[in-house]
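Let me begin by presenting the structure, written as structure tokens, before commenting on it.
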Amino acid sequence: MLALRTAGNLAQPVGPAWLLPTMRDITAIGGVTGLTLVTVLAAGGLIAARNLRTALFMVVAISVGATLASLLKTLFLRPRPTIVPHLVEVSYTSFPSGHAMNSAIVFLTLATLVARTQPARAVRIYIQAAAILLSLVVGASRVYLGVHWPSDVVAGWCVGGLWAVLCSVVFHGVMADGRGDR
Numbered sequence: 573m574l575a576l577r578t579a580g581n582l583a584q585p586v587g588p589a590w591l592l593p594t595m596r597d598i599t600a601i602g603g604v605t606g607l608t609l610v611t612v613l614a615a616g617g618l619i620a621a622r623n624l625r626t627a628l629f630m631v632v633a634i635s636v637g638a639t640l641a642s643l644l645k646t647l648f649l650r651p652r653p654t655i656v657p658h659l660v661e662v663s664y665t666s667f668p669s670g671h672a673m674n675s676a677i678v679f680l681t682l683a684t685l686v687a688r689t690q691p692a693r694a695v696r697i698y699i700q701a702a703a704i705l706l707s708l709v710v711g712a713s714r715v716y717l718g719v720h721w722p723s724d725v726v727a728g729w730c731v732g733g734l735w736a737v738l739c740s741v742v743f744h745g746v747m748a749d750g751r752g753d754r
């Protein structure tokens, strides 16, 4: 974390002037408001396309995953790092990173559901890669902003990714049994 700050002024992050506001914007994407907005818009699109079961599954999977993230934070009660000043406001414990975990849950779950509708393999790979990249940059922003230890973020990515994989397996099992949407 110290390597990401200017020597002699720990309140000043390294990098060009545009990087700090960019990291704040990226971290906001992985916050409650950003992820809720993405989830609601995706559910609305699925409902408009008459994919009601998929929409319901997605909302339940993401909601239960977010609840799991909160429960883990309450279980571990790890304090946030104090080695450098925080560059954004924070309000709860550190482990695991809720931004990293919830970003992985939301973006990877959505990517799985959207990718399955695409016939072209290259498009499916692109969708999954974009979801992974979004999750990675949100988590990295938390370390850059000084509000998480790297281990908090890695744990969030791992648990969130595992949750998304589990949801994908369950979803594909439900869809494969012939019940499908509508």
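573 is the number of the first residue of the sequence shown in my numbering; add one for each residue after it.
Glycine residues also receive a C-beta, built at the ideal position from the N, C-alpha and C atoms.
Beta carbon of residue i nearer than 9 Å to that of residue j
i	j	result
Gly-711	Ser-642	no
Arg-652	Thr-665	yes
Pro-657	Ala-736	no
His-671	Gly-718	no
Val-695	Ala-703	no
Val-746	Phe-629	yes
Leu-576	Tyr-716	yes
Leu-682	Val-610	yes
Minimum C-alpha distance to residue i - residue among the options
i	options	result
Leu-708	Asp-724, Ala-694, Arg-693, Ala-614	Asp-724
Ala-614	Cys-730, Val-631, Ala-600, Gly-602	Val-631
Gly-728	Arg-693, Ile-699, Val-678	Val-678
Ser-740	Gly-637, Thr-608, Leu-609	Gly-637
Val-742	Ala-633, Met-595, Thr-594	Ala-633
Leu-618	Met-595, Val-660, Ala-676, Thr-689	Thr-689
Thr-646	Ile-598, Thr-684, Ala-620, Phe-667	Phe-667
Thr-684	Thr-594, Ala-627, Ala-589, Arg-650	Ala-627
Val-660	Arg-693, Ala-701, Ile-598	Ile-598
Residues sharing a beta bridge with residue i, DSSP
i	result
Arg-577	Pro-585
Rounded straight-line distance, which links the Cα of residue j to that of residue i
i	j	result
Val-662	Leu-680	25 Å
His-720	Val-612	27 Å
Arg-706	Arg-622	As written in the sequence, residue 706 is Leu, which differs from the Arg given in the question. Rounded to whole angstroms, Leu-706 to Arg-622 spans 27 Å at the Cα level.
Ala-600	Leu-591	14 Å
Ser-558	Asn-674	Here the chain comprises residues numbered 573 to 754, so residue 558 is not present and cannot be evaluated.
Ala-676	Gly-580	35 Å
His-744	Gly-616	21 Å
Thr-594	Pro-588	10 Å
Arg-714	Thr-654	14 Å
Pro-585	Leu-734	32 Å
Arg-693	Leu-624	25 Å
Gln-700	Pro-691	14 Å
Residue i beta carbon near the ligand MG (any heavy atom closer than 8 Å)
i	result
Ala-683	Inclusion of the ligand MG in the displayed structure is not the case, the ligand content being empty and no account of it being possible.
Please list the segments of the alpha helix (DSSP H) lying wholly inside the segment 643–695, counting only runs of 4 or more residues, in order along the chain.
-> The alpha helix (DSSP H) runs lying completely inside the segment 643–695 and spanning 4 residues or more are 670–687, given in chain order.
Ignoring anything shorter than 4 residues or poking outside the segment 585–645, list the alpha helix (DSSP H) runs there in chain order.
-> 591–601, 604–620
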